[in-house]
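Heads up: the protein sequence lines correspond to chains A and B, in order.
Heads up: the first sequence is residues 0 to 467, going by numbering that gives the first Met the number 0.
Heads up: the second sequence is residues 0 to 467, going by numbering that gives the first Met the number 0.
Protein chains: 2
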Amino acid sequence: MPRRLLRPRELARQLRLRARRQPDEVEEYLEGHGADWAAIAEATPADAADILEAISESAAGELVTELTVDDAAEVLEELRDDLAAEILLELDPQMASRILMEMPPEEAVDILERLERSEINALLELVEDESADEIRDLLTFAPDSAGGLMTTDIAALPIGMTAGEAIERLRLLHEEVEDLSYVYIVDEAERLVGVLSFRDLVFNRPGVGLEEVMIHNPVTVQTDTDREVVAELTQRYNLFGVPVVSSQGRLLGMVTHESVIETVQAEASEDFATSVGAGAEETVYTHVARSVRVRLPWLGLNLLLALTVAFVIESQTGLISREPILAALMPVIALLGGNGGSQSLAVVIRGLATDSIPSGRSREIVARQATIGLFNGLALAVFAALVTMALIGLGVFSTSQASSAQIAAVVAAAALANLLIASTSGTVIPLGMRRIGLDPALASSIFLTLITDIVGFGGFLLVAGLLL
Amino acid sequence: MPRRLLRPRELARQLRLRARRQPDEVEEYLEGHGADWAAIAEATPADAADILEAISESAAGELVTELTVDDAAEVLEELRDDLAAEILLELDPQMASRILMEMPPEEAVDILERLERSEINALLELVEDESADEIRDLLTFAPDSAGGLMTTDIAALPIGMTAGEAIERLRLLHEEVEDLSYVYIVDEAERLVGVLSFRDLVFNRPGVGLEEVMIHNPVTVQTDTDREVVAELTQRYNLFGVPVVSSQGRLLGMVTHESVIETVQAEASEDFATSVGAGAEETVYTHVARSVRVRLPWLGLNLLLALTVAFVIESQTGLISREPILAALMPVIALLGGNGGSQSLAVVIRGLATDSIPSGRSREIVARQATIGLFNGLALAVFAALVTMALIGLGVFSTSQASSAQIAAVVAAAALANLLIASTSGTVIPLGMRRIGLDPALASSIFLTLITDIVGFGGFLLVAGLLL
């Protein structure tokens with residue numbers, strides 16, 4: 000990780016801009032800049048992965064064959080899983096399976112999950128290795144469960160050892176351990192009985208028994224524990240990782256801090272997508288058919304709900320015929336409300352995601368957001384009224400019977416009401432979803448814009464009916 | 000972190016539900032359930048923090064005075080910073096400052112940043128301690144910079160030592176080191192010259208010189224490096240933490256994995272808020288005046304932009320007067336487009352945030368999202384046409400001259416066009432923002448709904464003008 004290696008990263012950037020090069024062109028380009036493909040892959044696999052992402056899959060496959068199995072494994076770990084999977088299929092199956100065996104098993108599994116059952120079997124059959132069995136086991140867990148996230152390359156020591164003996168044992172084993180933040184202590188049935196941080200192990204008297212210094216009954220999760228719970232526990236207790244045990248308490252693996260970081264990132268960015276009815280796991284590389292399948296039902300629901308808005312307006316068409324400018328101004332109020340409500344929605348959903356809104360404080364949070372909506376509503380009501388009067392005065396908009404002051408008053412009152420209701424709804428919707436046990440973000444934007452549209456259109460016409 | 004300690008957590012939940020208890024009531028309640036306030040605070044500070052969050056600030060202050068300084072420090076670290084700051088002010092200043100000195104300096108700084116300058120000085124003056132100076136130094140850095148995130152309690156060793164000597168030195172020092180994942184090696188001018196993971200240090204021959212085994216020129220950041228860059232580097236190179244150096248290369252501190260996790264979470268949840276013009280740092284506890292100040296300009300901009308939609312409709316009022324049902328149906332198309340566009344927007348912003356869209360692939364990503372929009376548009380066009388014909392047939396909506404088939408055709412064509420354009424815009428907007436060097440999420444929802452509304456209303460009326 001030397002600093003000078005930010006240079007290949009810059010080269011990777013340059014290559015990206017030149018899209019879809021052939022392998023020999025890439026190598027020539029790198030050499031022309033005093034860098035070498037194999038050397039980059041060895042020193043900074045993440046930069047090498049950037050280069051592979053910039054070129055076509057088959058070209059990437061060719062470049063990978065030029066690497067040692069070790070280096071290829073490290074580079075593929077850094078790639079997007081779906082691209083790594085495609086590259087594996089481009090490679091000679093023998094090499095592909097050797098690369099897989101070289102990876103931490105949970106990384107291999109992440110990649111294999113992108114392949115067909117038959118392709119997976121073909122690759123795993125080529126290796127006579129207990130890693131293959133390990134990988135088969137891991138493939139049975141859901142990708143967003145502790146089982147799907149865990150590494151099995153952990154430091155597990157039998158109870159009864161002294162600290163000194165433990166360090167000597169680890170000296171022999173440690174190269175196979177992925178994350179040595181913790182040492183796990185197991186009984187003769189491989190049940191987890193304690194944990195000790197590696198640093199505490201090192202600084203203890205060599206003669207002390209692990210049993211005396213380990214933490215008993217550590218926090219554990221099971222293979223089917225949701226990744227969100229794993230991330231919560233880790234943050235709550237400031238852990239570097241969490242052990243995963245079977246229902247009988249047998250130690251199976253550990254979710255490392257690296258997986259936790261990825262999980263936290265995935266969970267935090269999930270809310271935006273969920274709130275508009277896109278898939279929580281959807282990425283820009285998700286298959287089109289799958290994206291359509293996930294999004295379409297929400298759009299259909301939205302269409303049906305939107306008809307409510309149509310009913311509201313339909314009931315007021317007489318008013319619109321009398322004063323057509325109303326038809327032009329009503330979407331302005333709806334847009335404003337939608338925006339103001341989404342601001343509250345985004346902030347409240349974040350608050351819920353970071354677990355910082357105890358139920359006892361819900362009422363206070365609603366009051367705060369409503370207050371924000373009130374002040375913003377007042378400011379915008381004045382602004383909108385002035386703009387409306389100016390535009391009518393300048394002849395940009397024209398009224399049939401109403402005065403510009405009347406129209407401005409309607410706009411102001413509707414803007415104030417919609418911003419107030421929007422901020423409140425943007426808070427109440429996610430809090431309400433939580434109360435009934437649903438994901439607070441789920442389709443919340445859809446429900447919110449329904450409300451802001453009903454108020455934006457219906458409320459606007461209601462006020463207009465009263466004032467004109 | 001024993002497993003049985005999930006029980007106090009449950010008690011904390013129960014207490015939350017009973018909101019705003021007095022300290023003696025809380026203690027009584029805990030005792031009634033066989034738990035003890037001081038014991039919970041000692042064993043699981045995070046659970047104790049939950050209890051404090053559930054009650055009033057003054058009651059929380061009283062409960063904290065019952066703890067040892069050590070335990071109080073650990074509990075306050077787990078609290079929201081603003082609440083911890085309020086509690087500090089409730090305490091006897093002597094105790095408050097002793098608690099602050101007991102915390103890792105960067106945690107103390109996070110809390111102090113919520114107080115007034117004069118309050119901070121009053122607390123720091125009470126301690127004759129180099130920690131106070133350290134904290135003063137840290138307070139000069141922006142909270143979202145590496146300087147604002149770093150801990151200064153790190154393991155720094157002079158070059159020239161052997162591995163064995165280093166371990167002996169750390170044996171004496173390690174209790175003051177917050178995160179011992181890495182040992183940093185400095186020259187006589189305290190400049191960082193190398194890094195070694197603690198595990199590599201332990202498993203090296205005791206006689207080997209640090210210089211021979213350390214990694215030279217490690218990745219570093221400076222105090223003013225943005226936290227987003229810190230998080231990116233950490234994830235890119237799979238680090239447990241990043242050293243922070245001065246412009247002269249002097250080692251100042253380290254951003255730990257714990258801070259990185261918090262940063263990743265904050266950054267990932269920032270996008271949703273930014274996209275609708277709420278503050279990236281805004282929480283549900285942000286002062287109302289500050290929230291209003293951040294949000295209002297975006298709402299004002301939205302109002303001005305929304306007038307474009309009004310112009311578009313204004314130009315078609317003749318058509319609306321002739322066929323008033325159009326006024327009722329046009330928001331349905333706008334809502335659908337807004338929803339479909341937001342789905343693409345959320346997915347693309349996530350892709351950009353996780354750095355998984357190389358510029359070379361932008362065109363491909365746009366094509367994919369457009370295809371999704373096309374398929375969803377086709378499906379919804381059919382559905383919307385059928386629903387419209389049914390509702391007109393049932394007499395729920397009435398037309399003046401047009402046939403139900405004509406209206407259904409307008410709705411179908413407009414729905415298809417808006418979903419296609421919306422998905423494309425939801426992709427092009429954030430990609431375009433990135434290209435011109437802006438935050439891809441910045442106000443992107445506002446621009447998107449502007450487009451979907453213009454197409455939703457204007458496009459709908461355009462199609463209606465052609466078909467009716």
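All C-beta atoms in this analysis are idealised placements derived from N, C-alpha and C, irrespective of residue type, glycine included.
DSSP on residue i, reduced to helix/strand/coil?
i       : result
Q221(B) : strand
S314(A) : coil
Y284(B) : coil
R190(A) : strand
I184(B) : strand
H32(A)  : coil
I214(A) : strand
S268(B) : helix
S246(B) : coil
T43(A)  : coil
P22(A)  : helix
R3(A)   : Confidence at R3(A) is low in this model, with a pLDDT of 38, below 50, so the placement of that residue should be treated as unreliable; the coordinate-derived value is given next. R3(A): helix per DSSP, three-state reduction.
A413(B) : helix
S144(B) : strand
V275(B) : coil
T370(A) : helix
Output the distance between the C-alpha atoms of residue i and residue j, rounded to the nearest integer angstrom.
i       : j       : result
E475(A) : T224(B) : Summary: the structure shown does not reach residue 475(A), with chain A confined to residues 0 through 467, and so no result is reported for it.
Q234(B) : D178(B) : 17 Å
D23(A)  : E65(A)  : 11 Å
S320(B) : I312(A) : 13 Å
W297(A) : A442(A) : 8 Å
E56(A)  : V254(A) : 31 Å
E76(B)  : F271(A) : 29 Å
N301(A) : S180(B) : 50 Å
F496(B) : R226(B) : Chain B is shown only over 0 to 467; residue 496(B) falls outside these bounds and no answer can be derived.
V229(B) : S245(B) : 15 Å
D483(A) : A95(A)  : In the structure displayed, chain A extends from 0 to 467; residue 483(A) sits before or after that span and is not available.
G147(A) : L138(A) : 7 Å
E174(B) : V287(A) : 54 Å
P429(B) : S358(A) : 35 Å
D69(B)  : A47(B)  : 14 Å
E41(A)  : L29(B)  : 57 Å
F456(A) : S290(B) : 26 Å
V410(B) : A333(B) : 11 Å
E101(A) : S130(A) : 9 Å
R3(B)   : A34(B)  : The predicted model places R3(B) with a pLDDT of 38, which falls under 50 and marks its position as unreliable, so this point remains unresolved.
L460(B) : L318(B) : 8 Å
P1(A)   : V259(B) : Its pLDDT being 36, under 50, P1(A) is placed unreliably by the model, and the measurement read from it follows with that caveat. Cα to Cα, the separation comes out at about 20 Å.
L88(A)  : V241(B) : 36 Å
Just reading off the beta strand (DSSP E) that residue i is part of, what are its end residues?
i       : result
Y236(B) : It is not in any beta strand (DSSP E) - Y236(B) carries neither H nor E in the DSSP assignment.
T255(B) : L250 to T255
L441(A) : Element bounds for L441(A): n/a, residue is neither H nor E.
L66(A)  : Careful: L66(A) lies outside any beta strand (DSSP E) and carries neither H nor E.
P157(B) : A155 to P157
Do residue j and residue i count as a contact pair if the criterion is CB distance below 8 Å?
i       : j       : result
V185(B) : S341(A) : no
L328(B) : A378(A) : no
A162(B) : V194(B) : no
Q93(A)  : A58(A)  : no
A267(A) : A267(B) : yes
L209(B) : I158(B) : yes
Tell me whether residue i counts as near the ligand HEM, meaning its Cβ is closer than 7 Å to at least one heavy atom of that ligand.
i       : result
V263(B) : With respect to the ligand HEM, the structure offers nothing, as it holds no ligand at all.
Would you mind reading off the limits of the alpha helix (DSSP H) that contains residue i?
i      : result
P92(A) : P92 to E101
Can you give me, in chain order, the residues of the stretch 294-315 of chain A that have a beta carbon less than 9 Å from any beta carbon in chain B? R294, L295, W297, L298, G299, N301, L302, L303, L304, A305, L306, V308, A309, F310, V311, I312, E313, S314 and Q315
Interface residues of the stretch 178-203 of chain A facing chain B [CB-CB below 7 Å]: L179, F197, R198, V201 and F202
Give me the subset of the stretch 261-283 of chain B whose CB atoms are less than 9 Å from a CB atom of chain A, sorted by chain position. E261, V263, Q264, A265, E266, A267, S268, E269, D270, F271, A272, T273, S274, V275, G276, A277, G278, E281, T282 and V283
Can you pull out the residues from the stretch 447-460 of chain A whose beta carbon lies closer than 9 Å to at least one beta carbon of chain B? T448, L449, D452, G455 and F456
Anything in the stretch 400-414 of chain A with a Cβ closer than 9 Å to a Cβ of chain B? List those residues in chain order, please. A414
Residues in the stretch 234-248 of chain B having any Cβ partner in chain A nearer than 8 Å: Q234, R235, Y236, N237, L238 and F239
Name the residues in the stretch 363-394 of chain B whose C-beta lies less than 8 Å from a C-beta of chain A; which are they? I364, R367, Q368, T370, I371, F374, N375, A378, L379, F382, A383, V386 and L390
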